[in-house]
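Structure record follows, encoded as structure tokens.
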Amino acid sequence: MEFDLAPWIAPAVTVAVFAWLRSDIHRVEARMNERMDRLEAEFGEVRKELGAVVKDLAGMKGKLTFVEGYILRRNDSAPEPAAEWRRPGGATMKLPAPSPGTASGRSRSA
197 MEFDLAPWIA PAVTVAVFAW LRSDIHRVEA RMNERMDRLE AEFGEVRKEL
247 GAVVKDLAGM KGKLTFVEGY ILRRNDSAPE PAAEWRRPGG ATMKLPAPSP
297 GTASGRSRSA
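To convert a position in the sequence shown, counted from 1, into the numbering used here, add 196.
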């Protein structure tokens, strides 16, 4: 009496492959969950910081103008009315006071 293994090889290989894929899927899922937890924690911190910035900006309502990624803040306490360009990273650039003829300080012919 002979025993033929051929009918058992394909199902055994299939089961082994699916077991390997399942363990791989669980490993990838665990890594993804860890990354999501880290991102959620970072997002929470950023959200708190953004909330503080929004509160600060709300307190300065009417004193700020947003232009192309810069914040234009009027310094009314200075001897001469001047403006300051402030990039969100902290770099600033002083601007001359607007001329009386135009609202933006630029001449109309330019």
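Backbone N, C-alpha and C define an ideal beta-carbon position, used for all residues, glycine too. Keep in mind that this is a model prediction, so the values were computed, not measured.
Which residue marks the beginning of the alpha helix (DSSP H) containing residue i, and which one marks its end?
| i | result |
| --- | --- |
| F239 | A202 to G255 |
What does a CB cutoff of less than 7 Å around residue i pick up in its chain, not counting 5 residues either side in sequence?
| i | result |
| --- | --- |
| S303 | The pLDDT assigned to S303 is 42, lower than 50, so where the model puts this residue is not dependable; a value taken from the coordinates is nonetheless given after this. Excluding residues within five positions, none has a Cβ falling inside 7 Å. |
Sorted by chain position, which residues of the same chain lie with C-beta nearer than 8 Å to residue i's C-beta, five sequence neighbours on each side aside?
| i | result |
| --- | --- |
| A274 | Confidence in A274 is poor, its pLDDT being 46 and thus under 50, which makes the residue's placement unreliable; the coordinate value appears in the next sentence. Correct list: empty, nothing qualifies. |
| S305 | Residue placement at S305 is poorly supported in this model, since its pLDDT is 43, which falls under 50; the coordinates are not used for a value here. |
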